[in-house]
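All letters in the sequence shown, in the order written, are residues -23 to -1, 1 to 789 by mature numbering (1 follows the signal peptide of the UniProt record, and there is no 0).
Note that the Cβ used here is the ideal one computed from N, Cα and C, for glycine as well.
As the structure is a prediction and not an experimental result, all values here were calculated from the model.
So the structure is just underneath, and the comments pick up after that.
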Amino acid sequence: MDAHKATLLLGFFLYAGVLQVQTENADIDSYLKTDGAWIYTLQRRTYVTAKVEECAQKCDEETQFTCRSFVFIEKDQECMTIPANSKIEQVYRKASTALYEKKRYLLECVNGVGNDYRGTQSRTKSGTQCQRWEALFPHKPNITPKTHPKADLESNYCRNPDGDAQGPWCYTTDVNKRWESCSIPSCSEECMYCSGENYRGKISTTEGGYTCQRWDSQKPNNHGYNPSVFPEKYLEENYCRNPDGEPRPWCFTTSPAKRWDFCSIPRCATQPPTIAPEVTCITGDGSSYRGTVAVTKSGKTCQAWSSQFPQKHSRTPENYPCKGLDNNYCRNPDNERTPWCYTTDPDTRWEYCNISSCGAEPHPDEPVIAPAEDCYTGNGSLYRGVMSETITGKKCQSWSSTNPHKHSKTPQQYPNADLRRNLCRNPDGDRAPWCYTTDPAVRWEYCKIERCGSIPPPQDVRPPPVVIPQPLPPSKDTEKENENCKLGVGEDYRGSISITSTGITCQAWSASTPHMSNFNEKSHPGKGLDSNNCRNPDGDTNGPWCYTTDPSKKWDYCNIPDCVQGKCGQPAVKPRRCFGRIVGGCTSKPHSWPWQISLRTNTDLHFCGGTLIDAQWVLTAAHCLERSSRPSAYKVYLGIHTERANELSKQVRNLEKIVKGPPGTDIALLKLDRPAILNDKVSKVCLPEKNYIVPSGTECYVTGWGETQGTGGEGILKETGFPVIENKVCNRLEYLNNRVKDHEMCAGNIEGGTDSCQGDSGGPLVCFGQNTFVLQGVTSWGLGCANAMKPGVYARVSKFIDFIETHTGVKF
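This is the structure we're talking about:
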């Protein structure tokens, strides 16, 4: 075979050359696009191109090097062809750039015998490091980049320049072994590594023979795994996936009788990717921790992962082969908050372990409480608020995570930047707080945070009732009102501001000096490019911009405030939003949850909560009304902060009508005897769209004057924030064991500590998105209060929209 490696198969390369010409063209679909991304390398070529297709053509025709990617900046008409991609060089963030990478160079699998493999595998089947193709030691090669110029023999990556039947290979760095084949999976092979977290195959039938339901469908099974909310999970079509840390991929099924089922996918024969183990501390969720701590926070000894006594479980080394489940050491095999283990105490199934965070990274247990005003000053470098979504509503990626975007802005690299969780920050002195996004196609965006002291002009357009409301386009009636503010990213902004955020006057869109432009009324009709006013003709996610009259600054963004999109779900006093491991929650800022009501007896005794959804209607839990069916037995207090209700802002209403929900549900409507007076201290919350399922992990808050169990704050409105838990997870045997119904939802910390409790019943569970709070749940029931693995259960409001609109006569 060694002689075979010295043979030049001329016929093969003639074929490969033809194949390359046929397949490489300026088809944009053959590239993977990432907005806001940039590769900086000295080896590159720069061109002036007006369209992205022209830039792709330049990359395809590049002769100076193998073009693996290009950067296109539409505003500058600039195109840069690059020999590297995200697998070779570090990717940086840069505003208004788009990185296009050739997909064929990103694949880490082979088609056929792998003649076209262009991945970065550089070890052989035995794990030996490959020798660089241009090197002469330890082996003098017969096949080199010079002899095979079209085979991309660069670095020490595995390649198949001679069409070897065993697939890609390389010369090795072992003096005793000249060459060896590499172990690279087939692109057509349906197999999984580890527990299938990164499985991207197309199997769509379960092991029980059920056809998988599409992830973007809610029929026949409602669920919280919406592909648009979890783009990093690749929930495509109806393919089997593993978005929640199960032992293997699964899917919801098309059978109403079988909500979900595992898929039968074999493990790949090749070795799974390796990780850099952490042995003394953790970063992020600690999934890489491989230390030897084997005791929980409360001092309980951990049970061995391979044992089924005293706790029976599925987190075994066989089910999770890549998670280091050795002995009884603390680990995080299933995407929990931090490493944990089953305990040897029969009465305590599992607990978290106390392992310190690496460097200056805040520990997951450390709470986050928003400052008095959740806004930023200057460039926001000192912003320490709790916003975790971008200006377009995308969820932020955790700073300690490198998925889906690899980066160097970690808590260890920026110890003074407070890079905790996925909260918006400005570690590098940009113009405003920002974050990496969980969308693989959008590397980063600025965050939806107001500058302190800037109050957008009022605008009475009500946002659509969804968890992450989308901006409404301005109507003719509101055009005047909106001329000095923007909705969404400002594509429809037609105001008169013509100065950039740095104070430079804008260049007229029709002008060609001092800067040439391909944005004008002719090229982009209907975009308002008839003056020098700030506009957003290209839908830039960072907002309106313009070319400037400064010859040294081609273009810049404009500082256009957001329009206030309505009055529901937007309190005048911004809530504290205490979220995380704060035992028992925290006391709220007065009147920061202005839709919260106190349901009382005629003796003025508080016993339940409720939510104002309209000036004359309150939503509460049906079980709060068991003591009497007569409206005259109850009162509603609004505009109060203390249970004593001695505030001057207090409003008291009697009830005119009680309407209980359908049998078997825990929801009810209360009609007030007269409408409440809406003001800064009494206002209504937004309702969700019909049948909307809140995605797993969504940030939500519960408020009330309920039982505090000695955690303080008695008699004052308290709040606590925690994530939504998908019903599939909540109904696991060790949690609520299939007690949660389709018209209910779970929320809480799996490990306990914060929860709603007695006296909070009927109160709101509101979820935050796009600066708006939406009522998603009505506090209903739970197994105790704040117990581990027993999250609270709430009536799912989106399932009752028809009931609410029918009986209130109000269209929400």
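Inset, instruction - Please go through the same chain and pick out, in chain order, the residues whose beta-carbon is closer than 6 Å to the beta-carbon of P672, but skip the five residues on each side of it. - result: G201, N203 and V206
Legend entry - When L632, A622 and S385 are compared against S606, the one with the closest alpha-carbon: L632
Inset, instruction - Give every residue of the same chain whose Cβ lies closer than 8 Å to the Cβ of L130, excluding the five residues on either side of it in the sequence, and list them in chain order. - result: W110, E111, I120, T121, P122, R136 and P138
Legend entry - Outcome for R621 when other beta-carbon atoms lying within 10 angstroms are tallied against a minimum of 16: exposed
Inset, instruction - In the DSSP assignment, find the unbroken alpha helix (DSSP H) run with F780 in it and report its ends. - result: I778 to T785
Legend entry - Own chain residues within Cβ distance below 8 Å of W15, not counting five before or after: V48, V68, Y69, R70, K71, T74 and L76
Legend entry - Backbone CA spacing between V90 and S158 [nearest angstrom]: 11 Å
Legend entry - Rounded straight-line distance, which links the Cα of M364 to that of D517: 21 Å
Inset, instruction - Kindly indicate which three-state DSSP category I242 falls into: helix, strand or coil? - result: coil
Legend entry - Continuous beta strand (DSSP E) stretch holding Q628: start and end: Q628 to K637
Legend entry - Residues bridged to I259 (per DSSP): S334
Legend entry - Residues bridged to L710 [DSSP beta-bridge criterion]: DSSP output for L710 lists no bridge partner at all.
Inset, instruction - Classify K383 as helix, strand or coil using the three-state DSSP reduction. - result: coil
Inset, instruction - Along the beta strand (DSSP E) that carries C318, what are the first and last residues, could you check? - result: W317 to Y319
Inset, instruction - Select from P700, N331, A645 and W411 the residue whose C-alpha is nearest the C-alpha of G362. - result: W411
Inset, instruction - Keeping to the same chain, check which residues put their C-beta closer than 6 Å to that of P226; ignore five residues upstream and five downstream. - result: G173, Y176, C217, R218, N219, C240 and I242
Inset, instruction - Compare the Cα-Cα distances from N309 to each of N356, Y266, V550 and R554 and report the closest residue. - result: Y266
Legend entry - Bridge-paired residues (DSSP) for V29: V29 is not bridged to any residue.
Legend entry - Reference C563, options E696, K504, K499 and N133, closest by Cα: E696
Legend entry - Burial state of P768 (16 or more Cβ within 10 Å): buried
Legend entry - Proximity below 7 Å, CB of C373 to CB of N403: no
Inset, instruction - Flag this pair as yes or no: are the beta carbons of residue 790 and W570 separated by less than 7 Å? - result: Because the chain is modelled from -23 through 789, residue 790 falls outside the range shown and cannot be assessed.
Legend entry - Residue burial classification, R651 (beta-carbon count within 10 angstroms, cutoff 16): exposed
Legend entry - Three-state secondary structure assigned by DSSP to Y94: coil
Legend entry - L602 - partner residues in DSSP beta bridges: Looking at the DSSP assignment, L602 forms no beta bridge with any residue, so it has no partner.
Legend entry - the segment 40 to 55 in contact with the segment 97 to 117 per 3-pair CB rule at 8 Å: no
Legend entry - Reduced DSSP category for V466 - H, G, I as helix; E, B as strand; rest coil: coil
Inset, instruction - Indicate the three-state DSSP secondary structure (helix, strand or coil) for residue 790 in the structure shown. - result: Outside the displayed span of the chain (-23 to 789) sits residue 790, for which this structure offers no information.
Inset, instruction - Over the uninterrupted beta strand (DSSP E) stretch that includes T188, give me the two end residues. - result: No beta strand (DSSP E) contains T188, which DSSP labels as neither H nor E.
Legend entry - Pairwise C-alpha distance: T43 and G144: 22 Å
Legend entry - Whole runs of the beta strand (DSSP E) within the segment 94 to 161, excluding any shorter than 3 residues: 146 to 148 and 156 to 158
Legend entry - Segment contact flag, the segment 151 to 168 with the segment 284 to 294, C-beta cutoff 8 Å, min 3 pairs: no
Inset, instruction - Would you check if the distance between the CB atom of G587 and the CB atom of G739 is smaller than 7 Å? - result: yes
Legend entry - W15: first and last residue of the uninterrupted beta strand (DSSP E) it sits in: Y8 to I16
Inset, instruction - Return the CA-CA distance between D221 and N312, expressed in angstroms with no decimal places. - result: 7 Å
Inset, instruction - Mind checking which residues open and close the beta strand (DSSP E) that includes I590? - result: H583 to D591
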